[in-house]
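**Q** Residue numbers (the numbering used here): 1087 to 1979.
From the three backbone atoms N, C-alpha and C, an ideal C-beta is built for every residue, glycine too.
Note that the coordinates shown come from a computational prediction; the quantities given were computed from them, not determined experimentally.
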Amino acid sequence: MARSGPGQIAPEVPVGSPRPAEPADAAEAAGGAAEAGRALPPSLDNAAVERGFRFYTTLICVVAVACVVAVSVWLPFEFTSATIWIVLGLLAAFAFAERCAINIDVRSGVSWSISFTEVPLVIGLVVADFEVVLVAHLIAGVGTLAGRKLSGRLPYNAGVMALEICAAFAVAHMVKELLAAGDIPWIAAFLGALSAPTTSTFLALITVWVLRKPMQLATGLRFMARVIVVGFVNASVGVSGYLVITHVEHGWALIGVVAAALAALYWAYSGLLREQRDLEALSDVSLMVSRSGKQVTVRPGGDGDEFEREFAAGDWIALAERIKDQLAARRVVLRFRLDGADSMHTVVAGEPLPSSGGLRPGDPMLRLHGSHARRFSSTEAGAEVSEALRLRGVEELLVVPLRSGSQLLGLIEAHDRRSRWRGFGKSDVQLIGMMAAHLATALDNRRLMATLRHDAYHDPLTGLLNRPGFAQAARVPLAAGEPTVVVRVELDEFSTVCDALGYAWADRMVVIAGRRLRDVLGGSVPAARLEGASFAVLVNCEQGEARDAAERIRAELSVPYPIDRLTVEASALVGYASSEVEDSATRMDIDGLLQRADVAVRAITNADEVRGYVPSMGQIFMRRFQLVTQFRQALEAGQVSVHYQPKISLERKTVLGVEALVRWNHPEFGKVHPDEFVPAIEAAGLIGALTSFVLDAALVRVRKWLDEGLRISAAVNLSVRSLADADFPSQVVAALRHHNVPPELLTFELTESGVMADPERALPILRELHNLGVVLAVDDFGTGYSSLAYLRQLPVDEVKIDKSFVFGMGTDLGDLAVVRSIVELGHSLGLTVVAEGVEEDLARDQLEAMGCDVAQGYLISRPLSEKRLEAWLQARTARAMGRKAETVLTLLT
Ligand code: C2E
Ligand code: CA
Ligand code: CA
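#1: I need the DSSP call for N1626, collapsed to helix, strand or coil.
#2: Over what stretch of residues does the beta strand (DSSP E) that includes K1886 continue unbroken?
#3: Could you tell me whether the region 1298 to 1317 touches the region 1261 to 1268, using the rule of 3 or more Cβ pairs below 8 Å?
#4: Smallest Cα separation from R1738: which of E1934, T1284, A1723 and A1929?
#5: By DSSP's criteria, V1486 is part of a beta bridge. Which residues make up the other side?
#6: Please determine, among I1273, H1223 and L1862, the residue with the shortest C-alpha to C-alpha distance to S1326.
#7: Quick check: what's the CA-CA separation for G1549 versus H1540?
#8: Report the rounded CA-to-CA distance for D1269 versus I1225, giving the unit in angstroms.
#9: Among A1783, S1839 and F1165, which one has its Cα closest to the Cα of H1825?
#10: Suppose you measure from the CA of M1521 to the CA of L1231; what does that come to, to the nearest Å?
#11: Per DSSP, what kind of secondary structure is N1751 in: helix, strand or coil?
#12: Take the Cβ of A1115 as the centre, count every other Cβ of all protein chains shown within 10 Å, and call the residue buried at 16 or more, exposed below.
#13: With a threshold of 8 Å, are at least 3 pairs of Cβ atoms found where one atom belongs to the region 1242 to 1249 and the other to the region 1282 to 1291?
#14: Bridge partners of T1980, per DSSP?
#15: Does P1386 pass the burial test, meaning 16 or more other C-beta atoms within 10 Å, or should it be called exposed?
#16: Does the separation of the CB atoms of P1612 and L1538 fall below 7 Å?
#17: Using 7 Å as the threshold, is the C-beta distance between L1488 and L1495 below it?
#18: Which two residues bound the contiguous beta strand (DSSP E) that contains T1432?
#19: Could you give the first and the last residue of the continuous beta strand (DSSP E) run that contains G1756?
#20: Return the CA-CA distance between R1995 and L1832, expressed in angstroms with no decimal places.
#21: Under 6 Å from any heavy atom of ligand 2, does the C-beta of D1593 make it?
#22: Assuming the contact rule is C-beta atoms closer than 8 Å, V1515 and L1484 should be a hit. Round their C-beta distance to whole Å, please.
#23: Could you tell me whether the Cβ atoms of V1471 and P1447 are closer together than 7 Å?
#24: Can you confirm whether the region 1900 to 1907 touches the region 1837 to 1854 when touching is taken to mean that 3 or more C-beta pairs between the two stretches lie within less than 8 Å?
#25: Select from G1840, F1163 and A1321 the residue whose C-alpha is nearest the C-alpha of V1208.
#26: Using only the alpha-carbon positions, how far apart do A1961 and P1850 sit?
#27: Tell me, to the nearest whole angstrom, how far the beta carbon of E1576 is from that of A1614; I am working on the premise that it is less than 8 Å.
#28: Express the C-alpha separation of V1173 and V1343 in angstroms, rounding to a whole number.
#29: Going straight from the alpha carbon of L1607 to that of A1641, what length do you get?
#30: Considering K1512, what are the terminal residues of the alpha helix (DSSP H) in which it resides?
#31: For ligand 3, is there any heavy atom lying closer than 6 Å to the beta carbon of E1922?
#32: So who's on the other strand from D1865, going by DSSP bridges?
#33: Which residues, in chain order, sit with a beta-carbon under 6 Å away from any heavy atom of ligand 2?
#34: V1316 by DSSP, collapsed to three states: which one?
#35: Under a Cβ-count criterion, where at least 16 other Cβ atoms within 10 Å of its own Cβ denotes burial, should H1336 be classed as buried or exposed?
#36: With contact counted as at least three CB pairs below 8 Å, one residue from each stretch, are the region 1714 to 1723 and the region 1929 to 1945 in contact?
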C-alpha cells in the first residue's frame, strides 16, 4: 500500500488529523513485503527493530499517562447531567470523522489519508472537559482500529491518541490564559485543534525512524506541511461551523449544506483519482504479466524447476503485491497452474495464509463458473462459502477464476479490505476482473511459450533434450564450477540398421535407446540426443563415479534391441570427459566437453570398454584437426607426393602394375601415415582433392611408361565418398583423355565396406566406371562384410586378399584356408586374385601353389618414390626393347 519503489518502503504517513494507526500500517506493510521476498536492507535485524518499537511504545504510553494525569490535575472536571450526552455526541462525531477518512494517492504507491477529526475536536475543546474528549476520542479511535483488525499496534495508537488530546487541551488552555479570557475563545480552540495532528505526525515521523524505514528529510517535511495545511482547514471549518451554529439562527442548516457540498466534492475527487489509479494499476499488471513469461531457463528437473527459478525472480509476487496494493486488500492470493501442470502454485502477498488456508479439492471457489469476478462476505454467504472464508480467516473475499476456454488455469483472491471501514466495492470487483483477464491471457500465452520453448530444447523423437537444450542444462553447473562429466554414447551399427532396414526402424531403435538411457540414469539427469544415434548425458559427479555411470550406460544400451519380430544387435560406444582439467586454470565449456567426450569415443578400440578422455587424446585430435585444415595448402606446397608399390604376376614374374599410395611429408610432424590422415580428410569431405591429385600423378606416370614403351598399369585407391559422387566417372573420363591413357591401364581399388555403405548410390557409379573399361578391384577382401553373394553382383574384375590373412598364412591354418577359399571363389567368379602383404618367400610360394594371380608386398618391394621406382625397375628387370605394345619386365629375384 505504501511502496514507493523497489525495495523501498515509504510509510503511509498520517495527514490531516490524528491518524496514529497509520505508522503501524506502514510497519505491517513493510513486514508483508519482507515476507513476499522484497528484502529490507540486509543489515536490518527485524527482531532488533521490533524491540526498539516496543520500547518506544512503552515510552509513549508512560508519557501519555503522565500527561493525562498532569492535564486532569491542571484542568478541573465537573460532572453534570449533560456530560453523558456530550460524551456520546462526541463519540459519534469522532467515529464518523474516522470512518470518513479519504485515501488519496499522491502518486502511485504513496497515499495519504485525510480525516476530519479536528472538527469534533474543536467543538470538544469549546464545549467539553478534557476527560470527556479524551474518553470519546479513545473509544472512537480504538474501536475504529479494532474494526480494521489493526489491534496489534493498539497500545502505541492509544498512547498517541491520548497525547494528541493532552496537547490540544494544554495548548488551548495556555492560549486562553495568555489572552486572559473566561471561556475558551475560538483562536485557542483553533490552535489547540491544530496541535493534535502536529503531535501525532511528529510521533509518526519518529516511528518511521524507529522502524528504520528509509524516508528522506524532504518527504518528512512535506508530510508535516500537509498535515498542518489540512489540519488548518479542518480546524477552521470546525471553528466556523461552531460559530455559525451558535451565533446564527438556523446556522446548522447552512453548515449542513456546506458540509454536504464539501463531502460531494471530496467523493468526486477521490473517485476520479481512484479511476486513474486503477488504470495505472491495470497497466502495471499487464506489464508485469508480459514480463513474467520472458525468462527462459531449463533446469534439469524439467518444467517444474524451471518455474521455481522464475518464481524466485519474484515477478509473480510483485504482481500479487501490486494487486493487493491497488485493492487495499489485507492479502492477495494468486493460485495458478503453469504450462499444463496438474498442481497449482500459490503466491501470497500481504499477511501469510493461515495453515488452514490452503486450497482443498472441495473448495467452492474451484467450482465457480465463468470467469467474472465475485464478492463474498461471511455475513451474506451460504454455509459452504462461509466455511471457505473461515478456513482462509477472512470476512470478505473477492475471487476471479482464470480460464482458458473451459479449463481452469487458476484463481485470484483478494482477502479483506484494510485501511477503510467500507469493504470491497463495485469498482474493486470490476478492477480485479480486468486484472484477472490480463493474467489469464498471459498464462495462456505462457503455456504456448512453454510449448514452443519445450520444442526448441527437446528432441521430438525421444523426448530427450536436443543440443541447445543440453547446452542450456549444462550452463548452470558449469558456471558454478561444479564437477561435471559429459558422457557420450554412440550406437555402433546404427547406420547399418538405417541402410538395411530403413529409417523407420532406425528411429525405433533410437527411441528404445533414449528410454533405456533415462531408465539407467533417472529422469533428473540431463540427457540429450545430439543426432542420429548419438547421445550425451550430463553427470554431476567426480571422474570415478562417472566411469560407473558410463559403464552402466554401456551395458544397458548394448543389450539387443527388439524391434517387431527382429532383434537388432548393437554395441554402444561410450566415452566421457570431465570438466575437472588437471593443471589448467581454464574452465571447460559444454562444447569443449562434448568434443572431448567425442574424442574419447573415437579412441575406443574395443567396444567392451568405456574410455575417459585424457589430454593425449586431445593432442591426437588437435593433430588431426591441423592435418585436415592444412591439407589443401600441403597439396599446393608440394608436401604431398605419390609412392608406387609394384604388383607382380606370380606365374610369369613380370611387373604388371603399381599401386599408387599417397605420402605426406609434413613440415612439423614429419612423415604422416596415410592411415592417419586419409580417414580424417575423408571425414572432412576433402577426399575429392586427394583422389584427383593421386589419379593425376598416376596417369602421368603411366603415360611416361607408355612413352617409353612399357605397359604398366596404376591402381588408385578410392574412398566411399568418391563412390557417392555422381560426377566422379566423368572426371575419370576427362583425366584419361587428358593424359591419353587407355582405361584398362587404370585400376580403382575400393573396399567392400565402401561399396556396402550405400550400395544403391555406389553401384550405378561402379557400373559406369566399369563400362569405361577401367579395372575395378575389391581391396582388403575378407575383412568387411565378406558378402560373397554381393561380390557376384558387383561389376569388379579383381579381388585383393587382405594383408592380415596373407601375413598369417604361414602360421595359421585358418588364415591359409581363408586365402585358399578366396582364391578359389575369385577364380570361380572369373576374377583376378591379388594377394597383398607378401613379406616372405613361404607366403609367395604358397600363393603361387594355390594359383593366386598377382602378389604385392615388401618381399617384392616397399612403396617407392617415383625416382626410386625407376631405379628399382631398371635394376631388377630386363628390358626387352622394341616390343612396343607388350613390353614385359621380368623379375630377377
Ligand atoms: P591399402 O590400400 O590396403 O594399401 C596397402 C597398404 O599396405 C599400404 O600402406 C602399403 O604400404 C602396405 N603394404 C604393402 N605391402 C605390405 C607388406 O608386405 N607388409 C606390410 N606390413 N604392409 C604392406 P600405406 O601406404 O600406409 O597405406 C595405407 C592405407 O591408406 C591404404 O591401404 C589405403 O587404404 C590408404 N591410402 C593410401 N593412399 C591412398 C590414396 O591415394 N587414396 C585413398 N583413398 N586411400 C589411400
Ligand atoms: Ca589399396
Ligand atoms: Ca589393402
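**A** Looking at the atomic coordinates:
#1: In the sequence shown, counting from the first residue as 1, residue 1626 sits at position 540. N1626 carries a coil assignment under DSSP once its states are collapsed to helix, strand and coil.
#2: In the sequence shown, residue 1886 corresponds to position 800, counting from 1. Segment E1884 to I1887, the beta strand (DSSP E) holding K1886.
#3: Taking a cut-off of 8 Å for Cβ pairs, the region 1298 to 1317 and the region 1261 to 1268 do not touch, as fewer than three such pairs fall below it.
#4: Position 652 of the sequence shown, counting from 1, holds the residue named residue 1738. Checked all of E1934, T1284, A1723 and A1929; the closest Cα to R1738 is E1934.
#5: On the sequence shown, residue 1486 is found 400 positions in, with the first residue counted as 1. I1498.
#6: Here residue 1326 is taken as the residue at index 240 of the sequence shown, counted from 1. When only C-alpha atoms are compared, the closest one is I1273.
#7: Here the question's residue 1549 lines up with position 463 in the sequence shown. Here the question's residue 1540 lines up with position 454 in the sequence shown. Approximately 10 Å between the Cα atoms of the pair.
#8: Residue mapping note: residue 1269 aligns to position 183 of the sequence shown, counting from 1. Residue mapping note: residue 1225 aligns to position 139 of the sequence shown, counting from 1. Rounded to the nearest angstrom, the two C-alpha atoms are 27 Å apart.
#9: Taking the sequence shown and counting its residues from 1, the one referred to as residue 1825 is at position 739. For H1825, the closest alpha carbon among the candidates A1783, S1839 and F1165 is that of A1783.
#10: As a working mapping, residue 1521 is identified with position 435 in the sequence shown. As a working mapping, residue 1231 is identified with position 145 in the sequence shown. C-alpha separation (whole angstroms): 30 Å.
#11: By 1-based counting over the sequence shown, the position of residue 1751 is 665. In the three-state reduction of the DSSP assignment, N1751 falls in the strand class, which pools E and B.
#12: Locating residue 1115 in the sequence shown gives position 29, where the first residue counts as 1. Confidence at A1115 is low in this model, with a pLDDT of 35, below 50, so its placement is unreliable and the value that follows should be read with caution. A1115 should be labelled buried.
#13: yes
#14: Not covered by the structure: residue 1980. The range shown for the chain is 1087 to 1979.
#15: Taking the sequence shown and counting its residues from 1, the one referred to as residue 1386 is at position 300. At P1386, the pLDDT of 42 sits below 50, so the modelled position is not reliable; the number obtained from the coordinates is stated separately. Buried: at least 16 other Cβ atoms inside 10 Å.
#16: For the purposes of this step, residue 1612 is identified with residue 526 of the sequence shown, where counting begins at 1. For the purposes of this step, residue 1538 is identified with residue 452 of the sequence shown, where counting begins at 1. Their beta carbons are not under 7 Å apart, which means P1612 does not touch L1538 by this criterion.
#17: Within the sequence shown, the letter at position 402 stands for residue 1488. Within the sequence shown, the letter at position 409 stands for residue 1495. Yes, the Cβ-Cβ distance between L1488 and L1495 is below 7 Å.
#18: The sequence position of residue 1432 within the sequence shown is 346, counting from 1. It spans H1431 to G1436 - the beta strand (DSSP E) in which T1432 sits, taken as one unbroken run.
#19: Looking up residue 1756 in the sequence shown gives position 670. Element bounds for G1756: G1756 to V1758.
#20: As displayed, the chain neither begins before 1087 nor continues past 1979, which places residue 1995 out of reach and without an answer.
#21: Here residue 1593 corresponds to residue number 507 of the sequence shown, with the count starting at 1. No; taking the cut-off as 6 Å, the Cβ of D1593 has no heavy atom of ligand 2 nearer than that.
#22: The residue given as residue 1515 occupies position 429 in the sequence shown. The residue given as residue 1484 occupies position 398 in the sequence shown. Yes, they are in contact, since the Cβ atoms of V1515 and L1484 sit about 6 Å apart, within 8 Å.
#23: By 1-based counting over the sequence shown, the position of residue 1471 is 385. By 1-based counting over the sequence shown, the position of residue 1447 is 361. Taking 7 Å as the Cβ cut-off, V1471 and P1447 do not qualify as a contacting pair.
#24: no
#25: Counting from 1 along the sequence shown, the entry for residue 1208 is found at position 122. That would be A1321, whose Cα lies nearest to the Cα of V1208.
#26: Numbered from 1 along the sequence shown, position 875 holds the residue referred to as residue 1961. Numbered from 1 along the sequence shown, position 764 holds the residue referred to as residue 1850. Taking the straight line from one Cα to the other gives about 43 Å.
#27: In the sequence shown, counting from the first residue as 1, residue 1576 sits at position 490. In the sequence shown, counting from the first residue as 1, residue 1614 sits at position 528. So it is not a contact: roughly 13 Å between Cβ atoms.
#28: Here residue 1343 refers to the residue found at position 257 when the sequence shown is read from its first residue. Here residue 1173 refers to the residue found at position 87 when the sequence shown is read from its first residue. So the alpha carbons of these two residues sit roughly 25 Å apart.
#29: Numbered from 1 along the sequence shown, position 521 holds the residue referred to as residue 1607. Numbered from 1 along the sequence shown, position 555 holds the residue referred to as residue 1641. Straight-line Cα distance between these residues: approximately 13 Å.
#30: Taking the sequence shown and counting its residues from 1, one reaches residue 1512 at position 426. Looking at the DSSP string, the run of the alpha helix (DSSP H) that includes K1512 is K1512 to Y1543.
#31: Numbered from 1 along the sequence shown, position 836 holds the residue referred to as residue 1922. For E1922, the shortest separation between its Cβ and any heavy atom of ligand 3 lies below 6 Å.
#32: Position 779 of the sequence shown holds residue 1865. In the DSSP output, where bridge partners are listed per residue, D1865 has T1837.
#33: E1745, N1803, E1835 and D1865
#34: The sequence position of residue 1316 within the sequence shown is 230, counting from 1. Of the three classes helix, strand and coil, the one that applies to V1316 here is helix, per DSSP.
#35: Against the sequence shown, residue 1336 aligns to sequence position 250. Exposed is the call here.
#36: no
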